[in-house]
Amino acid sequence: MHLLVTGGCGFIGSNFIRHMLESHPDISITNLDVLTYAGNPANLRDVEDDPRYTFVQGDICDRSAVDGVLDQYHINTIVHFAAESHVDRSIADGSVFVKTNVLGTFTMLDAALAHGIDRFVHVSTDEVYGSTPDGSFVETDNLNPSSPYSSSKAGSDLLALSYWHTHQLPVIVTRCTNNYGPYQYPEKLIPLFVTNLMEGKKVPIYGTGQNVRDWLYVLDHCRAIDFLLENGQPGEAYNIGGGEEKTNLEITDTILRLLDKDESAIEYVEDRKGHDFRYSLDFSKLRKMGWEPAFSFDEAMTATVQWYIDNEWWWRPLKEGSQ
Numbered sequence: 001m002h003l004l005v006t007g008g009c010g011f012i013g014s015n016f017i018r019h020m021l022e023s024h025p026d027i028s029i030t031n032l033d034v035l036t037y038a039g040n041p042a043n044l045r046d047v048e049d050d051p052r053y054t055f056v057q058g059d060i061c062d063r064s065a066v067d068g069v070l071d072q073y074h075i076n077t078i079v080h081f082a083a084e085s086h087v088d089r090s091i092a093d094g095s096v097f098v099k100t101n102v103l104g105t106f107t108m109l110d111a112a113l114a115h116g117i118d119r120f121v122h123v124s125t126d127e128v129y130g131s132t133p134d135g136s137f138v139e140t141d142n143l144n145p146s147s148p149y150s151s152s153k154a155g156s157d158l159l160a161l162s163y164w165h166t167h168q169l170p171v172i173v174t175r176c177t178n179n180y181g182p183y184q185y186p187e188k189l190i191p192l193f194v195t196n197l198m199e200g201k202k203v204p205i206y207g208t209g210q211n212v213r214d215w216l217y218v219l220d221h222c223r224a225i226d227f228l229l230e231n232g233q234p235g236e237a238y239n240i241g242g243g244e245e246k247t248n249l250e251i252t253d254t255i256l257r258l259l260d261k262d263e264s265a266i267e268y269v270e271d272r273k274g275h276d277f278r279y280s281l282d283f284s285k286l287r288k289m290g291w292e293p294a295f296s297f298d299e300a301m302t303a304t305v306q307w308y309i310d311n312e313w314w315w316r317p318l319k320e321g322s323q
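Residue numbers (UniProt numbering): 1 to 323.
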């Protein structure tokens, strides 16, 4: 497999590259990343000397750059992570989300078609379905996104699937729940709260903290994408979940307990605009194919918190640089 990973210096992409190098001895991986604020080469410092791995700095919106990478590295498989993904940033300015998530995905799809790519995995999010007070979304449910971020991802999902229906480009779409684990940029809930508590700061909870998300350990997400590279059917979408629905307050309580802190560290703040109350995915389609999460929430959260404790060298420069 000659694999191109877009956005491989990001949180999920870097974990995926590491997983694939560990699991597939004969693979070659090219990582195309423009290195925005969330793209960090330090995420892959431990594999940068692996002869099977190559990093290329470039923009997925730049067709000539994409064509050059596909040609030079004889790419036959693409896993497309590259995206702007922070809801709060999309509320402040949605333009970069439309450019990267919609135009960038279109550029990748069109180049993949021109180069005869064998498999294209487009990595998306549960947020495209919108919020639901009860029940869980299946892959055939209508998309009902509510933020500029999730709307741009929904648009890119539809573009990806259209390339199968119109051109027979062998595309599959994956939609995952909230990921957590090592190397997650510390603007997201779990790394922000862990590192704030390590710095003696409070943790900001939107509204009442009762918003519900399903939590998926990033290594389980990587395993699922690897599984679908082999077993997914072109033109299909697949939900990937952790089966661990928690309120934001429950996640906070877990972090407080693991760091031996109490509720005095919580600071309730004004709720996010248009804050979706609950995301929930039915991922029985993937389960019936033979994939299951391998990590329990308790063991994965414990390992995650410990990783941030042990790797202050990684997160502290990021937090200081964003202040």
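Glycine residues also receive a C-beta, built at the ideal position from the N, C-alpha and C atoms.
Computed from a predicted model, the values in this text were never measured in an experiment.
I need the boundaries of the alpha helix (DSSP H) containing residue i, first residue and last residue.
| i | result |
| --- | --- |
| Ser152 | 148 to 167 |
| Asp71 | 63 to 72 |
| Thr254 | 248 to 258 |
| Val305 | 297 to 310 |
| Arg287 | 284 to 289 |
| Asp88 | 87 to 92 |
| His24 | Here His24 belongs to no alpha helix (DSSP H), and DSSP marks it neither H nor E. |
| Thr195 | 189 to 198 |
Just how far apart, CA to CA, sit residue i and residue j?
| i | j | result |
| --- | --- | --- |
| residue 325 | Ala160 | The displayed coordinates of the chain run from 1 to 323. Any statement about residue 325 would go beyond what the structure contains. |
| Asn196 | Ile251 | 14 Å |
| Pro182 | Asp276 | 25 Å |
| Ser284 | Ile225 | 15 Å |
| Tyr238 | Met289 | 11 Å |
| Gly209 | Ser150 | 21 Å |
| Gly94 | Glu270 | 21 Å |
| Asp49 | Trp164 | 36 Å |
| Gln323 | Trp314 | Low confidence applies here, because Gln323 scores a pLDDT of 48, under 50, leaving its location unreliable and the question unanswered by this model. |
| Cys61 | Ile78 | 15 Å |
| Val171 | Gly321 | 37 Å |
| Ile12 | Val173 | 16 Å |
| Leu169 | Met198 | 47 Å |
| Ala111 | Asn101 | 15 Å |
| Ser162 | Pro25 | 33 Å |
| Arg52 | Phe16 | 14 Å |
| Leu189 | His122 | 24 Å |
| Thr166 | Glu127 | 25 Å |
| Tyr73 | Leu4 | 9 Å |
| Glu230 | Glu245 | 28 Å |
| Ser296 | Ala65 | 41 Å |
Give the range of the beta strand (DSSP E) segment to which residue i is assigned.
| i | result |
| --- | --- |
| Trp215 | 212 to 217 |
| Glu267 | 266 to 269 |
| Val171 | 171 to 176 |
| Pro204 | 203 to 206 |
| Val56 | 53 to 57 |
| residue 327 | What is shown of the chain runs 1 to 323, which leaves residue 327 out entirely. |
| Tyr238 | 237 to 240 |
Considering only C-alpha positions, which residue in the set the options is nearest to residue i?
| i | options | result |
| --- | --- | --- |
| Pro204 | Glu267, Gln72, Pro293, Cys176 | Glu267 |
| Lys299 | Thr254, Glu312, Asn311, Arg272 | Note that residue 299 is Glu in the sequence shown, not Lys. It is Thr254 whose Cα lies nearest to the Cα of Glu299. |
| Leu192 | Asp214, Asn248, Gly104, Val47 | Asn248 |
| Trp215 | Ile190, Leu189, Gly242 | Gly242 |
| Ser152 | Gln306, Thr105, Asp271, Ser23 | Thr105 |
| Glu292 | Leu256, Ile309, Leu228, Asp260 | Leu228 |
| Lys202 | Glu270, Met301, Lys261, Ser124 | Lys261 |
| Ser146 | Arg316, Val87, Ala111 | Val87 |
| Pro186 | Gly7, Gly39, Leu258 | Gly39 |
| Val6 | Leu70, Ser136, His24 | Note on identity: in this sequence residue 6 is Thr, with Val being the wrong assignment. Nearest option by C-alpha distance: Leu70. |
| Ser156 | Pro170, Tyr129, Ser124 | Ser124 |
| Thr54 | Gly274, Ser64, Arg63, Ile75 | Ile75 |
| Asp141 | Glu236, Glu312, Gly13, Ala265 | Glu236 |
| Thr107 | Glu127, Val128, Ala83 | Ala83 |
| Leu281 | Asn211, Met301, Arg287, Val138 | Val138 |
| Ala129 | Leu158, Leu113, Leu103, Val121 | Reading the sequence as shown, one finds Tyr at residue 129 and not Ala. Cα-wise, what sits closest to Tyr129 is Leu158. |
| Gln233 | Ile190, Lys188, Leu286, Arg213 | Leu286 |
| Leu81 | Cys9, Glu22, Leu259, Gln306 | Rather than Leu, the amino acid found at residue 81 in this sequence is Phe. Comparing Cα positions, the closest option is Cys9. |
| Leu258 | Phe297, Thr302, Arg272, Ala265 | Thr302 |
| Asp59 | Asp126, Asn231, Leu103, Ile27 | Leu103 |
| Ser23 | Met1, Arg278, Asp134 | Met1 |
| Gln184 | Ala92, Glu244, Ile91, Thr304 | Thr304 |
| Ala265 | Ile91, Val194, Leu113 | Val194 |
| Ala294 | Gln57, Arg175, Asn144, Ile240 | Ile240 |
| Thr132 | Arg316, Tyr279, Pro317, Glu312 | Tyr279 |
**Message:** For the structure I just gave you, are there three or more beta carbon pairs, one from the region 212 to 228 and one from the region 169 to 180, closer than 8 Å?
**Reply:** yes
**Prompt:** Which whole runs of the alpha helix (DSSP H) in the region 112 to 142 are 4 residues long or more, in chain order?
**Reply:** none
**Asked** Hey, is the region 41 to 56 in contact with the region 116 to 124, meaning 3+ C-beta pairs nearer than 8 Å?
**Response** With the cut-off at 8 Å, the region 41 to 56 and the region 116 to 124 do not touch.
**Message:** Quick check: the region 21 to 33 against the region 59 to 70, are at least 3 beta-carbon pairs closer than 8 Å?
**Reply:** yes
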